[in-house]
Amino acid sequence: MTRFLVVPQWQGSPAPRAMLLVDGAEAIAGDLPRAATTRVEVPAEAGEELETGIRRFSALNRVAEAVGAALVTGDEPALVIGGDCGVALPAIAHAARTHTDLAVVWFDAHGDLHTPTTSPSGAFAGMALRAVVATSALPGGGAVAEDRTVLVGTRELDEPERAFLDTSAVRVVDADAAAEANALVDAVAATGAQAVYIHVDLDVLDPAVLAGVSRPVPFGLTLAQLTAAIGAVRSRFPLAGASLSGFAPASPAAAVDDLGTILRVVGALA
3 MTRFLVVPQW
13 QGSPAPRAML
23 LVDGAEAIAG
33 DLPRAATTRV
43 EVPAEAGEEL
53 ETGIRRFSAL
63 NRVAEAVGAA
73 LVTGDEPALV
83 IGGDCGVALP
93 AIAHAARTHT
103 DLAVVWFDAH
113 GDLHTPTTSP
123 SGAFAGMALR
133 AVVATSALPG
143 GGAVAEDRTV
153 LVGTRELDEP
163 ERAFLDTSAV
173 RVVDADAAAE
183 ANALVDAVAA
193 TGAQAVYIHV
203 DLDVLDPAVL
213 AGVSRPVPFG
223 LTLAQLTAAI
233 GAVRSRFPLA
243 GASLSGFAPA
253 SPAAAVDDLG
263 TILRVVGALA
C-alpha cells in the first residue's frame with residue numbers, strides 16, 4: 003500500500019492568502035486512509051530568512067528535516083501531500099538516495115526555477131525545482147541532475163527562468179505536447195532514467211477544471227490529460243515517490259467542489 007505524508011506547509015508560498023494551503027492539505031487528508039497516513043507538524047510561525055534570500059527559511063528548514071526523517075521510516079513509496087511545492091524537495095532527495103537512476107517529472111503551470119537572487123518574492127515555492135537540480139540552503143538541494151528532469155505543462159515563466167531554460171539540460175514538455183501522453187514518456191525515456199519521481203502542482207490543470215489554486219494560469223491540462231500522462235509514465239517506469247501541492251480552496255464549500263478532481267489525481271499517483 004502507498005503511504006501518505008501530509009505536510010500542510012504554507013511558508014514557501016508567495017500568495018497573500020498562503021495559509022489556505024493548510025486548509026487544502028487538511029481537506030485532502032480527510033479522504034486518505036488513516037492507517038496509511040502520517041502528518042508532519044508544520045510550525046505555526048512564519049519563520050526567519052536568516053540571510054539566505056529565502057523568505058521564512060527557518061520554518062521551511064524545520065519542515066524539510068522533518069519530512070526527510072519521516073520518509074526514512076518506511077520502505078514503500080510515499081505520496082507527499084502539500085502544502086506548497088517546497089514539500090517536494092526533501093522527498094525527491096530521499097527518492098534519489100534510494101534510486102540512483104532517478105528522473106523527476108514536474109507538472110506545474112509555473113517554472114519554479116528562480117534562485118534567491120532572481121526571485122521577485124523570495125518565496126521558496128518559486129525556487130523549488132531549481133533547488134532540486136542545483137545547490138540550496140535547504141536540505142536536499144542538487145539531488146537530481148538537470149538532464150534527468152522534465153518540466154511539464156508550464157505556461158508562465160519569468161524572464162530569469164526562461165534564460166535558465168535556454169542553456170539548461172532540463173527537458174520541457176508544454177501543455178499542448180503533454181496532452182499526448184506518449185510525448186511525455188519519450189521525454190522521460192530520453193533521460194536514461196530507470197525510475198521516476200512525479201510532482202504535481204495542481205495549477206497545471208486548467209482553471210476551468212480546478213478553481214482552488216493560488217495562481218491559476220489559463221490553457222492548462224484537463225483532468226483526463228493529466229491522469230493519462232501520469233498513467234503512461236507509471237506504466238513505463240517504476241515510481242520512486244510522488245508529491246501533490248497547491249490546493250488552496252477559498253472556503254470549505256469550495257474545497258468540496260474540487261475534491262473529486264483532486265482525488266482522481268491522488269489515485270493516479272498512488
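Residue numbers (my numbering): 3 to 272. Note that CB positions come from ideal geometry on N, CA and C, so glycine has one too.
query                                                                                                           : result
Closest by C-alpha distance to Gly248, when choosing among Ala234, Leu140, Ala130 and Gly143                    : Ala130
Identified DSSP bridge partners for Glu158                                                                      : His112
Best match in Glu161, Gly55, Gly49 and Val174 for proximity to Thr151 [C-alpha to C-alpha]                      : Val174
Where the alpha helix (DSSP H) containing His201 begins and where it ends                                       : His201 -> not in any alpha helix (DSSP H); beta strand (DSSP E) instead, spanning Ala197 to Asp203.
Own chain partners of Ala118 with C-beta closer than 6 Å, once the 5 adjacent residues on each side are dropped : For the sequence presented, residue 118 should be read as Pro rather than Ala. So the list reads Gly55 and Ile56, once near-sequence residues are dropped.
Other residues of its chain near Leu246: CB distance less than 6 Å, five sequence neighbours each side excluded : Ile83 and Val202
Distance, Gln11 Cα to Ala242 Cα                                                                                 : 22 Å
Those residues which DSSP pairs with Gly243 across a bridge                                                     : Tyr199
Delimiting residues of the beta strand (DSSP E) encompassing Phe280                                             : The structure shown does not extend to residue 280, since the chain is modelled only from 3 to 272, so the question has no answer here.
Rounded C-alpha distance that separates Val44 from Ala61                                                        : 8 Å
Stretch pair the stretch 178-190 + the stretch 125-143: three plus CB contacts closer than 8 Å                  : no
Buried/exposed call for Asp168, threshold 16 Cβ in 10 Å                                                         : exposed
Cβ-based neighbour list, Leu212, same chain, cut-off 7 Å, excluding 5 preceding and 5 following                 : Leu204, Asp260 and Thr263
Cβ distance (whole Å) where Leu91 is taken to contact Ala66 below 8 Å                                           : 6 Å
Contact set for Gly233: own chain, Cβ-Cβ below 7 Å, skip 5 residues either direction                            : Ala270
Three-state class that DSSP yields for Thr224 in the structure shown                                            : coil
Burial state of Val42, where buried means 16 or more other Cβ atoms lie within 10 Å                             : buried
Rounded distance between the beta-carbons of Val267 and Val190, thought under 8 Å                               : The Cβ separation is near 18 Å, so there is no contact.
Bridge partners - Arg41, DSSP secondary structure assignment                                                    : Val8
Segment limits, beta strand (DSSP E) that includes Ala80                                                        : Ala80 to Ile83
Per DSSP, cross-strand counterpart(s) of Ala105                                                                 : Val198
Reduced DSSP category for Leu22 - H, G, I as helix; E, B as strand; rest coil                                   : helix
Cβ shell of Ala256 (< 6 Å), same chain only, five flanking positions each side left out                         : Gly214
6 Å CB neighbourhood of Ala95 in its chain, flanking five on each side removed                                  : Gly142 and Ala145
Buried/exposed call for Ser285, threshold 16 Cβ in 10 Å                                                         : With the chain covering only 3 through 272, there is no way to say anything about residue 285.
Exposed unless 16 or more other CB atoms sit within 10 angstroms - verdict on Val79                             : Correcting the residue type first, residue 79 is Pro in the shown sequence and not Val. Label assigned to Pro79: buried.
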